[in-house]
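Down below is the structure, laid out as structure tokens.
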Amino acid sequence: MDHFFCAQCGKQFGEDGFHEREGKPYCRDDYFDMFAPKCGACNRAIMENYISALNTQWHPDCFVCRDCKQPVQGKSFYAVEGKPVCPKCIGADEEEDE
């Protein structure tokens, strides 16, 4: 197989091999860009570990409070416009509204 190429970018496969979908071969980058779930924060493909919350998936490093950017994994949080917000920041929002 001297001429085996990615169906998306046309690059020849190297030592990394390929991924197949519906009978078509794809390089790793194109396969994940096209078919992997996207992170709810950065919108990049999720290739390995992820967190499922708020009806989407997140890279562990991206699952942070929308406002203060502190990690919320394993902690309580509120959902505001589809993003996690920590209790401290919710309290700050309420104080500003008064």
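Residue numbering for the sequence shown follows the UniProt record's numbering, starting at 1 and increasing by one per position.
Built from N, CA and C at the ideal position, the CB exists for glycine as well.
Asked, Found
"Would A7 and Y31 qualify as a contact pair, given that the criterion is a beta-carbon distance under 7 angstroms?", "no"
"Would you mind stating whether T56 and G40 have Cβ atoms separated by less than 7 angstroms?", "yes"
"Spatial neighbours of K11 within its chain, please: CB distance less than 8 angstroms, with the 5 preceding and 5 following residues excluded, ordered by chain position.", "F5 and C27"
"Need the endpoints of the beta strand (DSSP E) that Y50 sits in, please.", "Counting along the chain, Y50 falls outside any beta strand (DSSP E), and DSSP gives it neither H nor E."
"Using beta-carbon positions only, say whether C89 and V72 come within less than 7 angstroms of one another.", "no"
"I'd like the span of the beta strand (DSSP E) that includes R21, first residue to last.", "H19 to R21"
"Looking only at its own chain, which residues have a Cβ that is under 7 angstroms from the Cβ of M1, when we skip the five neighbours before and after it?", "With a pLDDT of 46 at M1, under the threshold of 50, the modelled position of that residue is not reliable, and the figure given next carries that caveat. Closer than 7 angstroms at the Cβ level, and outside the excluded window around M1, lies no residue."
"Please list the terminal residues of the continuous alpha helix (DSSP H) segment that includes D33.", "R28 to F35"
"Between the Cα of L54 and the Cα atoms of R44, D33, F77 and F35, which residue gives the shortest distance?", "F77"
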